[in-house]
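Participant:
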Amino acid sequence: MTNPTHDYRYTSELAGRIETAWQDRWETDGTFHAPNPVGVLAPAADAPQHNAGGEKYFIMDMFPYPSGAGLHVGHPLGYIATDVVGRHQRMLGKNVLHALGYDAYGLPAELHAISTGEHPRDNTLSNIGNMRRQLRRLGLGHDDRRSFATIDPEFVKWTQWIFIQIFNSWYDPEANGGAGAARPISELVEKLGTSDPAVIDQYRLAYLSDSPVNWCPGLGTVLANEEVTAEGRSERGNFPVFKRNLRQWNMRITAYADRLIDDLERVDWPEAVKSMQRNWIGRSHGAEVDFASAAGDIRVFTTRPDTLFGATFMVLSPEHPLVEALTTPEQAAAVEQYQVAAAAKTDLERQDDKSKTGVFTGSTATNPVTGSEVPVFIADYVLMGYGTGAIMAVPSGDQRDFEFATEYDLPIVPTVAEQVGQEQAYSGDGTIINSDNSEQFGADGVSLNGLTVAAAKEAIIAWLESRGQGTGTTTYRLRDWLFSRQRYWGEPFPIVFDEAGNAHAVPDHMLPVELPEVPDYSPRTFAADDVTSEPEPPLGRVDEWVHIELDLGDGLKTYRRETNTMPNWAGSSWYEIRYTDPNNAKVMADPENERYWLGPREAGGAGGVDLYVGGVEHAVLHLLYARFWHKALFDLGHVSGEEPFHRLFNQGYIQAYAFTDERGTYVQADLVEERDGEFFFEGKPVNREYGKMGKSLKNVVTPDDMYEEYGADTFRVYEMSMGPLDVSRPWETRAVIGSQRFLQRVWRLVVDETTGENVFDEGPASAQALSALHQTIADVRTEMDAMRFNTAIAKLIEFTNFLTKESVSSRDVVEPLVLMLAPFAPHLAEELWQRLGHTESLAFADYPVSDPALIIQDSVTCVIQVLGKVRGKLDVSPGISEEDLTALALAEPNVVRAIDGRDVRKVIVKAPKLVSIVV
RNA sequence: GCCGAGGUGGCGGAAUGGUAGACGCGAUGGUCUCAAAAACCAUUGUCUGAAAGGGCGUGCGGGUUCGAGUCCCGCUCUCGGCACCA
388 MTNPTHDYRY TSELAGRIET AWQDRWETDG TFHAPNPVGV LAPAADAPQH
438 NAGGEKYFIM DMFPYPSGAG LHVGHPLGYI ATDVVGRHQR MLGKNVLHAL
488 GYDAYGLPAE LHAISTGEHP RDNTLSNIGN MRRQLRRLGL GHDDRRSFAT
538 IDPEFVKWTQ WIFIQIFNSW YDPEANGGAG AARPISELVE KLGTSDPAVI
588 DQYRLAYLSD SPVNWCPGLG TVLANEEVTA EGRSERGNFP VFKRNLRQWN
638 MRITAYADRL IDDLERVDWP EAVKSMQRNW IGRSHGAEVD FASAAGDIRV
688 FTTRPDTLFG ATFMVLSPEH PLVEALTTPE QAAAVEQYQV AAAAKTDLER
738 QDDKSKTGVF TGSTATNPVT GSEVPVFIAD YVLMGYGTGA IMAVPSGDQR
788 DFEFATEYDL PIVPTVAEQV GQEQAYSGDG TIINSDNSEQ FGADGVSLNG
838 LTVAAAKEAI IAWLESRGQG TGTTTYRLRD WLFSRQRYWG EPFPIVFDEA
888 GNAHAVPDHM LPVELPEVPD YSPRTFAADD VTSEPEPPLG RVDEWVHIEL
938 DLGDGLKTYR RETNTMPNWA GSSWYEIRYT DPNNAKVMAD PENERYWLGP
988 REAGGAGGVD LYVGGVEHAV LHLLYARFWH KALFDLGHVS GEEPFHRLFN
1038 QGYIQAYAFT DERGTYVQAD LVEERDGEFF FEGKPVNREY GKMGKSLKNV
1088 VTPDDMYEEY GADTFRVYEM SMGPLDVSRP WETRAVIGSQ RFLQRVWRLV
1138 VDETTGENVF DEGPASAQAL SALHQTIADV RTEMDAMRFN TAIAKLIEFT
1188 NFLTKESVSS RDVVEPLVLM LAPFAPHLAE ELWQRLGHTE SLAFADYPVS
1238 DPALIIQDSV TCVIQVLGKV RGKLDVSPGI SEEDLTALAL AEPNVVRAID
1288 GRDVRKVIVK APKLVSIVV
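The structure is reproduced here in structure tokens:
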């Protein structure tokens, strides 16, 4: 294998030696240690200061779950990108905080524990070890002192502490000048003059409630709304999910709905993610209106109060509490039958069947604006979980109501002129008609006729409010965050119950509450479709752990521990804070460190991590939860900013082809051959699919494969040069060679492949080479600043190709090239930097600066267009006058031919680059 | 249905309204070699032409402009999210 004439050739083997050596040195030297303002991570006066005085730059990856399957080449894409950004920012003089922790609670380790009996902690720690090894070999510039896992007792302690802060607070809508804020529960106790848990507990931001929850028998646990797909199945495992009334912990995230929407304006996030969050929170403005009935007022929610005159019937959800009172004896049998049928349907079935069915209750209610009696129906297209569970039906303005009215032959009254004559509802803007009740109400009446929809809404809400029959209001789709799980492998709640069943926080000094050892890790699981099953957490089986004697201030008493555990979103809801002060045993993070790294940079700013990179799949789950916790902690004075992540960037995914044979079985993808657009495995044709990389698809390529074959630097350069970071794209192993060739060319500018001698020269670079260099620096800086690493690398390749072709290897041009290459291929760059005579790491070297004075352009290509088509090109001096350029252009032979003797009507000159001739 | 992103060579992808296809892969030819690999050099959107050149070309149809991948209008397809949300 080794070619004696090429001992110093930049092969994967040599790259590997260089890479591991530098990784060791970086670790020994603590090169990437980011200095904190205070505490144990503040550097001693005589230690390296590492840009401590520079502007801070806090960069984060969405931290990984340490899977037992190991990494494939898609996983590190984001980590490489953030490392490139971090190294670049460091060379710009910034104090860069970049570390990687592990989101280590999670289902796979628990499932592994259930099937093997291995403790999930042991399995998780060994997976973390494996992942650390794979990632270390990539040469990421992380501050290893700041790495942690969410299962570390020290981390769990603060996760539980935060839970207690939330448990011990309530949302005061009056606080903060009416904007609302979390406040200590003690203030509420004082305000209400009672400490009765029956009163107080229902105000807490973390509270227990008996409410319909998503029960997933297949997983043996309940799930948050965000963890259930639109199809009514669990996002994890794709098991059916049923609605059950169960007593569970919730987080009052709905109190923050407005702030979570409004503050999206204050962060620099992709529009797609912002819109997903807005969508999920689903704020809609409208009115609540009361319709009088024999059973009392029926309150409806509508976003179109302007169409009230067109409300010709009402529909209640089958589960609505007033249904029983409204149902007349004659209708009782039909109503009950319909209710039973609706209850038997799953949410999915109810959504699937879009035909409009319903049953008349036998009663009517009074339309408050027309005074007329309208029939009240029940129908399953009205959901109890949204608005008030009852609607006023306006068939002229709402397509669903229109369909129902058509089905049951109910009157359709247009209230917007544009609907007249249409065979369907009209929900757009227009001119209001048929909306005047001054005849019935005389001087107290109102007329909306002639108004626009928006004006009519305002007018009718004012009228309703003046009569006490309605009020302008806002509703949200967002539900409170269901926070308990019936799992073993999660943070225990720091909560105990007294004999009366009231919840108490465990005192701080007893944190963390650690998981007990259990004989059996599994929750009781059930057949996936067993609707009647009940959740049963594994911790409930450990009697000696559950029952505990404590003195909570009123003497030693017996308490019962909460046996649910937290969802695995808990740790990731605050980990950004812990990175700023990971070893602090006294507080979650020293306020000075927290403020330095995460606080607002300017007055009125929301603060947060400077750059957060991760996949778009967390758009509403993790990112919504983390924002909520951060805001709650802000309200309570524990953090200095209102948003955790200032700038968010969603990287694309690396995807891969997979191949199936005629039986539909996956075949080893790397053994498939392509001939004329057809694919063959062992001579037989196979089908190509495009999608994920995965073991079962037999198309996995691992970073280890790449280290082995090309080295980490080549792998890094390839991943960064494949395309824009935010776009998904297919992996192609055979294209990696291009990146290796590039690095080999750079290597050869400095090192003789045969002798290993340095070949760069100390002579001055030519003006032409300097010009190319400074043009490249200017271009690369622009691309780096915009995170367009693929084009930055293209510029570096172009420059390298220029140097190779012109045989230029003067130190003056090679050094800046090495520095610009350093963020992408740090090991190679360090090695060359050392060969260029530097003893210090280039991690803190100044990034090259372009000197425009050195960029010479002695000639420019001028394009000559005739009628918009390129007909000729000229090499001209950049300073050429418009007159001279025009004359030259008009004399160019091919241009003369294209003009073909026609009159020149107009000449547009953009000297020196363009002349456009119109004939 | 609503919201968001996108459609450019054989492939991944470049292009402040001003030379479409930078850079890379692959392919073809060459140098070196006994040979091969590697490396290096050249060519590589497509049709036409000996060449010079010319025609066509950025999902489709219109428009604005001296000039459109880029701006405007209308459609279409792909991907992602939400969805009987009143």
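Take the position in the first sequence, starting the count at 1, then add 387; the result is the number in this note's numbering.
Using N, Cα and C, we set each Cβ at its ideal position, and we do this for glycine too.
Note that this is a predicted model, so its numbers are computed, not measured.
Helix, strand or coil: which one does DSSP assign to S573?
Facilitator: DSSP places S573 in helix when its eight states are reduced to three.
Participant: Leaving out five residues on either side along the sequence, give the residues of the same chain with a beta carbon under 7 Å from the beta carbon of G480.
Facilitator: These residues qualify, in order along the chain: N438 and G441.
Participant: Which term fits T389, buried or exposed, when burial requires 16 or more other beta carbons within 10 angstroms of its beta carbon?
Facilitator: With a pLDDT of 39 at T389, under the threshold of 50, the predicted position of this residue should be treated as unreliable, and no value is reported.
Participant: Between which two residues does the alpha helix (DSSP H) carrying N510 extend?
Facilitator: P507 to R523 is the span of the alpha helix (DSSP H), which, as asked, contains N510.
Participant: So, under 8 Å CB-CB, P507 and W876 are touching, yes? Tell me the CB distance rounded to an integer number of Å.
Facilitator: Contact holds; Cβ gap of about 4 Å.
Participant: For V929, collect the residues of the same chain with a Cβ closer than 7 Å to its Cβ; drop the 5 residues on either side in sequence, then sort them by chain order.
Facilitator: P903 and V905, listed in sequence order.
Participant: Beta-carbon within less than 7 Å of N1074's beta-carbon, same chain only, minus the 5 sequence neighbours each way: which residues are those?
Facilitator: So the list reads F1046 and T1047, once near-sequence residues are dropped.
Participant: Which residues does DSSP list as the beta-bridge partners of S959?
Facilitator: For S959, which the question treats as bridged, DSSP gives no partner whatsoever.
Participant: Between D509 and E1227, what straight-line distance do the alpha-carbon atoms span, to the nearest angstrom?
Facilitator: Rounded to the nearest angstrom, the two C-alpha atoms are 40 Å apart.
Participant: When you compare only the Cα positions, how much space is there between K1293 and V1306?
Facilitator: Distance between the alpha carbons of K1293 and V1306 is about 7 Å.
Participant: What residue ranges within the region 1272 to 1303 form continuous beta strand (DSSP E) runs of no fewer than 3 residues, ordered along the chain?
Facilitator: The region 1272 to 1303 contains these whole beta strand (DSSP E) runs: 1293 to 1297.
Participant: Given that a residue counts as buried once 16 or more other Cβ atoms are within 10 Å of its Cβ, and exposed if not, what is D677?
Facilitator: With 16 or more other Cβ atoms within 10 Å, it is buried.
Participant: DSSP on Y492, reduced to helix/strand/coil?
Facilitator: The answer is coil: DSSP assigns Y492 none of H, G, I, E or B.
Participant: Please give me, in chain order, every unbroken run of the alpha helix (DSSP H) with length at least 4 that falls completely inside the region 577 to 622.
Facilitator: Here the runs fully enclosed are 584 to 587.
Participant: How would you label S502, buried or exposed, when you count the other beta carbons within 10 angstroms and need 16 or more for buried?
Facilitator: Under this definition S502 is an exposed residue.
Participant: Around the Cβ of E852, are there at least 16 other Cβ atoms within 10 angstroms (buried) or fewer (exposed)?
Facilitator: With fewer than 16 Cβ atoms within 10 Å of its Cβ, E852 is classed as exposed.
Participant: Can you tell me whether S513 sits near the ligand GTP, meaning its C-beta is under 8 Å from at least one heavy atom of the ligand?
Facilitator: As far as ligands go, the structure on display features none, and thus does not contain the ligand GTP.
Participant: Whole angstroms is fine: what's the gap from A915's alpha carbon to N601's?
Facilitator: The alpha-carbon atoms of A915 and N601 are separated by roughly 13 Å.
Participant: For a minimum of 4 consecutive residues, which ranges assigned as the alpha helix (DSSP H) are wholly contained in the region 392 to 436?
Facilitator: Listed in chain order, they are 399 to 416.
Participant: From this set, I848, F554 and D530, which residue's C-alpha is nearest G417's C-alpha?
Facilitator: Closest by alpha carbon: D530.
Participant: Could you have a look at N555 and say whether DSSP puts it in helix, strand or coil?
Facilitator: If DSSP states are grouped into helix, strand and coil, N555 belongs with coil.
Participant: According to DSSP, is V947 part of a helix, a strand, or is it coil?
Facilitator: The amino acid at residue 947 is misidentified as Val; the sequence shows Arg. Note: R947 maps to strand in three-state DSSP.
Participant: What do you get for Q1127, buried or exposed, if any count of 16 or more other CB atoms within 10 angstroms of its CB means buried?
Facilitator: By the 10 Å Cβ count, Q1127 comes out buried.
Participant: Looking at the strands, I want to know which residues DSSP matches up with D677.
Facilitator: Note: D677 sits in a beta bridge opposite R686.
Participant: Which whole runs of the beta strand (DSSP E) in the region 1039 to 1118 are 3 residues long or more, in chain order?
Facilitator: The region 1039 to 1118 contains these whole beta strand (DSSP E) runs: 1041 to 1047, 1060 to 1062, 1065 to 1068 and 1074 to 1078.
Participant: In terms of residue numbering, what span does the alpha helix (DSSP H) encompassing W984 cover?
Facilitator: Run containing W984: P978 to L985, per the alpha helix (DSSP H) assignment.
Participant: Would L1011 and W667 qualify as a contact pair, given that the criterion is a beta-carbon distance under 9 Å?
Facilitator: For L1011 and W667, yes; Cβs fall inside 9 Å.
Participant: Given a cut-off of 9 Å, decide if P1213 and G375 are closer than it, judged by their beta-carbon atoms.
Facilitator: Only positions 388 to 1306 of the chain appear in this structure, which leaves residue 375 out of reach.
Participant: By Cβ distance, which residues of its chain are closer than 7 Å to L397, with the 5 residues on each side in sequence left out?
Facilitator: For the sequence presented, residue 397 should be read as Tyr rather than Leu. Excluding residues within five positions, the ones whose Cβ falls inside 7 Å are L1130, Q1131 and W1134.
Participant: Compare the C-alpha of D867 against each of L1301, V1114 and A644 and name the closest.
Facilitator: Nearest C-alpha to D867: A644.
Participant: Could you tell me the alpha carbon to alpha carbon distance between S598 and V609, rounded to whole angstroms?
Facilitator: Straight-line Cα distance between these residues: approximately 12 Å.
Participant: Which residue wins for smallest C-alpha separation from D1113, given the options G457, F450, L464 and F445?
Facilitator: Minimum Cα distance to D1113 is reached at L464.
Participant: Do the region 953 to 960 and the region 1001 to 1015 touch if we need at least three Cβ pairs shorter than 8 Å?
Facilitator: Touching, yes, given that three or more Cβ pairs across the two stretches are closer than 8 Å.
Participant: Considering only DSSP beta bridges, list what L484 is partnered with.
Facilitator: The partner list for L484 (beta bridge, DSSP) reads F445.
Participant: If you draw a straight line from the alpha carbon of D1139 to that of N1145, how long is it in whole angstroms?
Facilitator: The alpha-carbon atoms of D1139 and N1145 are separated by roughly 6 Å.
Participant: From the DSSP output, read off the bridge partner residues of S1197.
Facilitator: Paired residue(s): D1148.
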